[in-house]
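Residue numbers (the numbering used here), protein chains in the order written: chain A, 83 to 408; chain B, 83 to 408.
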């Protein structure tokens, strides 16, 4: 793991310690970066006795103009380029309102890095497991903050578990590779592909639907929440409607399993990524629920890479993004 | 407006006044009822100085098992039948954890009504404007609570504005009727229809995508957030991809307008419901931002009713819901 990242994370935690009045945490970004915030929101929800967290896409965050955004708040922003206009504006907005601001970006000289109190650099390698990936940094911040505020004990097992990620993810990708190849061939002409997930994994499949399928493959999609599936979306289930479903670990598994069981009854095209079928033994058991999205994100990338190859439509192709003003 | 509803709302507000320790509000339901909670979450975000609100689909709420769920919490649930198993379970769960629980249902003898501290009955008339509709009751609870806690002054203008809704909505539906008829004909063979919205209106279009298009019409959809559109979904925009977009009032309008302007450049099938084109003069100006979803919900119903008629697929048809165990 990268010592520069660790130094920045510690600086951010020190900055938070210097602000004992902070009781609200805002998690703000756009698209793929926004989807990563679910991991941090989930950890706060499951663990915090008094800290509250909320997550918004950047423009909505500024638009809501929450009266709670002030000295009692901290806000974490993320933009790979550090240049996403809505996210830079949101960071400036939060800082001007007195919140303590932290920014994750791959570009240490970027506008986002300059807009925040504390910038944390990371390398963007979405196909690799890493204790320095965005979601891993977010967990380090959240569990460090909860340790300092509330005596939460998960920071140490988190730090013990993170170094195993590169090898663990490589093994997991090898396990799913045959299924990913078959799935890509079966779905290369699909006009619509739904994802199905819940709990800590929902953010990963949100990014799979919006960034990998819609943005990078021009395939229609919706990230269906397994708990919402039975209250509307399940009526579009039919023999030929494809679902890429996640069967997660921990408390969300029951919800996932119920939705998958139903979908499989009426669709012949339900592909399941079962996290119990992967070897997560390097992760301390108590941390698997929180860390499963860190494994899932690079694992679903394998599915996207095979799909892109079979469709002759590289993941780098865009028609609008970065090509014009919008 | 119905005096029984008013009596129940006042009982709920009295129950909340008896619990000054409450600082967290949880808004919990499934599907169409869940979508209504956005109105309440938006009002708390925009107005509260210290109260925090969060919204979950029922199964996810129980699964998260938040340590903050206790005597310092209140929770509002909604289920039209009062029989939604996940919502009844969530209400029982919250009450057992010491939270003050309020339940909205059309069935005063239902399991949900029996599971909560305070039940509020309502009539489900999704095509009509009403100060006793779910979202209206939620605003009465939120602004009543904020008045009692924080001296917020919007309860009185809210109550002054609500009685105009039946007539105001009827007029608005007449205004959009020709566009809704044309839109239905143009889109009756569309395999996918996206919605595009933000801010207080997002919940309405979430229900349009999940409940009206997917559930009741078996049409593929995703409720795209106008702020997220440029960070993934906009790449699926093409000349023949249909969007039903909302151009809202107040601070969300800028975000909506930006997305609509882009979508119209590359799709010939962007239908815009412009809330500025409707006569909302019965609503006190300061309340229009909060109350616009109460107008939008029955207005988009007009679009759904024409679509159902043109497709020969009534809104009441289901293949799975209520027909089997799941």
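Backbone N, C-alpha and C define an ideal beta-carbon position, used for all residues, glycine too.
Counting C-beta neighbours from all protein chains within 10 Å, is the total for residue i 16 or more, i.e. buried, or is it exposed?
i                      : result
residue 139 of chain B : buried
residue 361 of chain B : exposed
residue 405 of chain A : exposed
residue 193 of chain A : buried
residue 350 of chain B : exposed
residue 310 of chain A : buried
residue 398 of chain B : exposed
residue 103 of chain B : exposed
residue 85 of chain A  : exposed
residue 321 of chain B : exposed
residue 211 of chain A : buried
residue 273 of chain A : exposed
residue 407 of chain B : exposed
residue 343 of chain B : exposed
residue 114 of chain A : buried
residue 242 of chain B : exposed
residue 296 of chain B : buried
residue 236 of chain B : buried
residue 314 of chain A : buried
residue 172 of chain A : buried
residue 180 of chain B : exposed
residue 222 of chain A : buried
residue 264 of chain B : exposed
residue 400 of chain B : exposed
residue 396 of chain A : exposed
residue 394 of chain B : exposed
Roughly how many whole angstroms lie between the Cα atoms of residue i and residue j?
i                      : j                      : result
residue 224 of chain A : residue 374 of chain A : 16 Å
residue 317 of chain A : residue 303 of chain B : 12 Å
residue 177 of chain A : residue 200 of chain A : 11 Å
residue 348 of chain B : residue 174 of chain B : 49 Å
residue 246 of chain B : residue 282 of chain B : 20 Å
residue 72 of chain B  : residue 203 of chain B : Nothing can be reported for residue 72 of chain B: it is not among the residues displayed for chain B, which extend from 83 to 408.
residue 182 of chain A : residue 107 of chain A : 9 Å
residue 366 of chain A : residue 147 of chain A : 40 Å
residue 341 of chain B : residue 234 of chain B : 33 Å
residue 92 of chain B  : residue 327 of chain B : 36 Å
residue 308 of chain A : residue 142 of chain B : 9 Å
residue 239 of chain A : residue 363 of chain A : 13 Å
residue 186 of chain B : residue 187 of chain A : 44 Å
residue 299 of chain B : residue 95 of chain A  : 50 Å
residue 153 of chain B : residue 135 of chain B : 15 Å
residue 206 of chain A : residue 215 of chain A : 7 Å
residue 358 of chain A : residue 256 of chain A : 15 Å
residue 325 of chain A : residue 164 of chain A : 33 Å
residue 334 of chain A : residue 345 of chain A : 17 Å
residue 339 of chain A : residue 319 of chain A : 16 Å
residue 372 of chain B : residue 123 of chain A : 26 Å
residue 88 of chain A  : residue 112 of chain A : 24 Å
residue 166 of chain A : residue 157 of chain A : 16 Å
residue 353 of chain A : residue 305 of chain A : 14 Å
residue 277 of chain A : residue 227 of chain A : 32 Å
residue 230 of chain B : residue 155 of chain A : 24 Å
residue 301 of chain B : residue 120 of chain B : 23 Å
residue 149 of chain B : residue 385 of chain B : 43 Å
residue 105 of chain B : residue 323 of chain A : 44 Å
residue 330 of chain B : residue 381 of chain B : 13 Å
residue 159 of chain B : residue 170 of chain B : 8 Å
residue 378 of chain A : residue 198 of chain A : 30 Å
residue 133 of chain A : residue 275 of chain A : 37 Å
Thinking residue i and residue j are a contact (beta carbons under 8 Å), I'd like their distance in whole angstroms, please.
i                      : j                      : result
residue 383 of chain B : residue 332 of chain B : Wrong, their Cβ atoms sit about 22 Å apart, outside the cutoff.
residue 267 of chain B : residue 392 of chain B : 6 Å
residue 376 of chain B : residue 259 of chain B : Contact doesn't hold; Cβ gap of about 19 Å is too wide.
residue 286 of chain A : residue 117 of chain A : 7 Å
residue 388 of chain A : residue 262 of chain A : 5 Å
residue 109 of chain B : residue 137 of chain B : 4 Å
residue 337 of chain A : residue 145 of chain B : 6 Å
With a floor of 3 residues, list each beta strand (DSSP E) that falls wholly inside the region 93 to 149 of chain B, ordered by position along the chain. Every unbroken stretch of the beta strand (DSSP E) spanning 3 or more residues and falling wholly within the region 93 to 149 of chain B is given here in chain order: 106 to 111 and 134 to 139.
Which parts of the region 170 to 248 of chain B are runs of the alpha helix (DSSP H), unbroken and 4 residues or longer, counting only runs that do not cross its ends? Counting only runs of 4 or more, we get 193 to 197, 216 to 232 and 237 to 243.
Meets three-Cβ-pair contact criterion under 8 Å: the region 244 to 255 of chain A and the region 279 to 294 of chain A: The region 244 to 255 of chain A vs the region 279 to 294 of chain A: no contact.
Cβ contact (3+ pairs, closer than 8 Å) linking the region 194 to 202 of chain A and the region 99 to 110 of chain A: Taking a contact to require three or more Cβ pairs closer than 8 Å, the region 194 to 202 of chain A and the region 99 to 110 of chain A do not qualify as touching.
Should the region 115 to 133 of chain A be called in touch with the region 260 to 274 of chain B, which here means at least 3 C-beta pairs below 8 Å? Counting Cβ pairs under 8 Å, fewer than three are found: no touch.
In chain order, which beta strand (DSSP E) runs of at least 3 residues are fully inside the region 285 to 343 of chain B? As far as the region 285 to 343 of chain B is concerned, its whole beta strand (DSSP E) runs of at least 3 residues are 305 to 307 and 325 to 329.
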